Amino acid sequence: MMGHFDLTIVWACIIGFAVFAYVVMDGFDLGIGILFPSFAVGDERDQAMNAIAPVWDGNETWLVMGGGGLLAAFPLAYAIILPATYPLIIAMLLGLVFRGVAFEFRWRDPGHRPLWDFAFMLGSLVAALSQGIVLGAILQGIHVEADAYAGGWLDWLSPFSLLTGVSVVIGYALLGATWLVWKTEGSAQTHARRLTLWSGMATLLALGAVSAATPFLAYDYWHRWFTMPGVLLTAQVPLMTLIVAIAFFISLRRGAERLPFLLALAIFLLGFVGLGISIYPYVVPRSVTIWDAAAPPQSQLFMLAGAVIIVPVILAYTGWAYWVFRGKVGTHGYH
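Okay, so the sequence shown: first residue is 101 according to my numbering, each after it adds one.
Below you can see the structure in the form of structure tokens.
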């Protein structure tokens, strides 16, 4: 029993890490796509595209890792969450496909570049919005009966899920803007700084709105955040978020290039910690715990042997790619 408990916790951490890695890495890719129409045609858009050209497809590795790991390690959760959010998952995948196609064809079919620019923006927006609504749908609860999804085709649609969807779009825009502050120069960087300021304020407002609404979804959430003595611990999350937010705007005002992006990542990490506090130990809130959804211990152990090898390899080649392309980007590549 203890081995089962430990393996389940380990796999929950692995899946959580993969999801957070995807949100962080593909988040700024999607954010650049969301902000893309605001950049001037020509040099600014070319710099924005080149800033993610070497890494954008590799960043999506973590989506495969998270989704595949959920299927393998928590098959019951996979079997419940996917039917509950099929329209959103389909929309997200189509958005990612359109974005990838547009990214490649933009350079190879310059005669239709405005069309591909629009497809790049639309695919990024749809993917980000879908991911945010999925998050809201999970948080608000999924109707489960006899270990199966028992709701309707549009149960995921609610004011709260739309709020989380818009919030994720805004947050990704912040990541994209701060990445461009780091990687671009000239007018593109100047414009990215303006976008960072506005998207930073909007992200904090959106994070505050979601945080304020979540405890009213269920008593479990309220109890987790506002009852003693737990509140002494959970209160540190919004406090740390406030401190990081102040540091973020100070760094932006002082003209820092890398620090705003790193502090934006810290804001996302604190939001992710808050999400974990709200839903633990559930993988489908208030219906299925991580232990209920877990695969047999033998299966978890077998997969863990592979994960111990695969995850460091992914981290190594990802780190190498970012190191190789660590410089500023121009219209013709890195320098």
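Cβ atoms here follow ideal geometry from the backbone N, Cα and C, with glycine treated the same way. In this text, all values refer to a predicted model and were calculated from it rather than measured experimentally.
Whole angstroms are fine: how far does the CA of residue j sit from the CA of residue i?
i: H323; j: G142; result: 53 angstroms
i: D392; j: L295; result: 44 angstroms
i: F316; j: L307; result: 15 angstroms
i: E144; j: P154; result: 17 angstroms
i: G376; j: L370; result: 10 angstroms
i: M101; j: F372; result: At M101, the pLDDT of 42 sits below 50, so the modelled position is not reliable; the number obtained from the coordinates is stated separately. One C-alpha to the other measures close to 29 angstroms.
i: S399; j: I379; result: 25 angstroms
i: Y186; j: W256; result: 10 angstroms
i: G251; j: P183; result: 9 angstroms
i: A277; j: D209; result: 26 angstroms
i: L196; j: T334; result: 35 angstroms
i: H212; j: T314; result: 44 angstroms
Per DSSP, what kind of secondary structure is residue i in: helix, strand or coil?
i: V383; result: strand
i: A153; result: coil
i: S248; result: Per the sequence shown, residue 248 should be read as Ala rather than Ser. Note: A248 maps to strand in three-state DSSP.
i: T185; result: coil
i: T327; result: coil
i: T389; result: strand
i: V429; result: strand
Contact check, residue i vs residue j under 8 angstroms by CB: the rounded distance?
i: I390; j: A118; result: Not confirmed; about 15 angstroms, so no contact.
i: L188; j: S230; result: 5 angstroms
i: R386; j: A318; result: 6 angstroms
i: I242; j: I180; result: 6 angstroms
i: A395; j: F174; result: 7 angstroms
Assign residue i to buried or exposed, taking buried as 16 or more other Cβ atoms, counted over all protein chains shown, within 10 Å of its Cβ.
i: A148; result: buried
i: F402; result: exposed
i: E245; result: exposed
i: R293; result: buried
i: Y417; result: exposed
i: F136; result: buried
i: Q240; result: buried
Query raised in the report: When the Cβ atoms of the region 220-238 are set against those of the region 202-209, are three or more pairs found closer than 8 angstroms?
Result: yes
Query raised in the report: Do three or more CB pairs link the region 332-342 to the region 279-290 at distances below 8 angstroms?
Result: no
Query - contact_flag[the region 119-133, the region 257-273] where n(CB pairs < 8 angstroms) is 3 or more - result: Yes, they touch.
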